[in-house]
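Sequence lines, in order, name chains A and B. Quick note: the first sequence uses this note's numbering, first residue 18, plus one each step. Quick note: the second sequence uses this note's numbering, first residue 277, plus one each step. Notes for the one structure printed next.
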Amino acid sequence: DGGITQSPKYLFRKEGQNVTLSCEQNLNHDAMYWYRQDPGQGLRLIYYSQIVNDFQKGDIAEGYSVSREKKESFPLTVTSAQKNPTAFYLCASSIPGAFDYGYTFGSGTRLTVV
Amino acid sequence: GQSLEQPSEVTAVEGAIVQINCTYQTSGFYGLSWYQQHDGGAPTFLSYNGLDGLEETGRFSSFLSRSDSYGYLLLQELQMKDSASYFCAVRVGRDDKIIFGKGTRLHILP
Numbered sequence: 018d019g020g021i022t023q024s025p026k027y028l029f030r031k032e033g034q035n036v037t038l039s040c041e042q043n044l045n046h047d048a049m050y051w052y053r054q055d056p057g058q059g060l061r062l063i064y065y066s067q068i069v070n071d072f073q074k075g076d077i078a079e080g081y082s083v084s085r086e087k088k089e090s091f092p093l094t095v096t097s098a099q100k101n102p103t104a105f106y107l108c109a110s111s112i113p114g115a116f117d118y119g120y121t122f123g124s125g126t127r128l129t130v131v
Numbered sequence: 277g278q279s280l281e282q283p284s285e286v287t288a289v290e291g292a293i294v295q296i297n298c299t300y301q302t303s304g305f306y307g308l309s310w311y312q313q314h315d316g317g318a319p320t321f322l323s324y325n326g327l328d329g330l331e332e333t334g335r336f337s338s339f340l341s342r343s344d345s346y347g348y349l350l351l352q353e354l355q356m357k358d359s360a361s362y363f364c365a366v367r368v369g370r371d372d373k374i375i376f377g378k379g380t381r382l383h384i385l386p
């Protein structure tokens, strides 16, 4: 079955560490996205990519970095510059222009700073 | 700035009908979507309105009025499994990027 796989499901980070969240899709979607979800805040866009080797900042990109070397993969690195990284991180993908089909989301990674 | 306003919580009775409203003020508008998210789970896509009017998909319907910057999600014949958070989302540009509202938590009473 096609879908989006995020790993790990839970991640614990020490202060000052960089961590990378994995997102892999086998839906053959060109566009991929990273959102952060905090309680009561809805989903906020971190980065998105419409095509391989290209990506754009979202509304809260500071302290995060991404790469898009393969169509299937869009990893997110949470750097030590991100002051409050504890949150639920969601990866999504879509077919550009296919608005009636919406985004497909992964199951998320819950990151906690310890 | 961009803002999407929706009620934080709504309560309804099993078998009844409920409407969740969304008003938006955004720099651009190309369409309104709705997503459902159960606790701890992934959001799932429900509907998209690119033009004014009503879109119906089974028990769920979504409405858009671009002149009023307003839309709603209508859920009929409520079931306990419909207890979840519902997010409206606006496509603000010609690309596929969307921004989300803060969500409405729907409580269903037996």
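Here a beta-carbon is modelled for each residue, glycine too, at the ideal position from N, C-alpha and C.
Query, Result
"Chain-ordered neighbours of Gln-67/A on chain B, where CB pairs are closer than 8 Å", "Asp-371 and Asp-372"
"Within 7 Å, strictly: CB atoms of Gly-334/B and Gly-307/B", "no"
"Close-in-space but distant-in-sequence residues of the same chain around Gln-67/A (CB under 7 Å, 5 per side omitted)", "Asp-47, Ala-48 and Pro-113"
"Own chain, CB closer than 8 Å to Gly-20/A, minus 5 neighbours either side, in chain order", "Gln-42, Asn-43, Leu-44, Thr-121 and Gly-123"
"Residue environment, Ile-246/B, which counts as buried when at least 16 other CB atoms sit within 10 Å", "The structure shown does not extend to residue 246/B, since chain B is modelled only from 277 to 386, so the question has no answer here."
"Under 7 Å between C-beta atoms of Tyr-64/A and Arg-127/A", "no"
"7 Å Cβ cut-off: residues of chain B touching Pro-56/A", "Residues of chain B passing the Cβ test: none, with the nearest at roughly 10 Å."
"Closer than 8 Å at the beta carbon, the chain A residues around Ser-359/B", "None at all; the shortest Cβ gap to chain A is about 17 Å."
"Buried or exposed by the 16-neighbour rule on C-beta atoms within 10 Å, applied to Phe-376/B", "buried"
"C-beta atoms of Ser-111/A and Asp-328/B nearer than 7 Å", "no"
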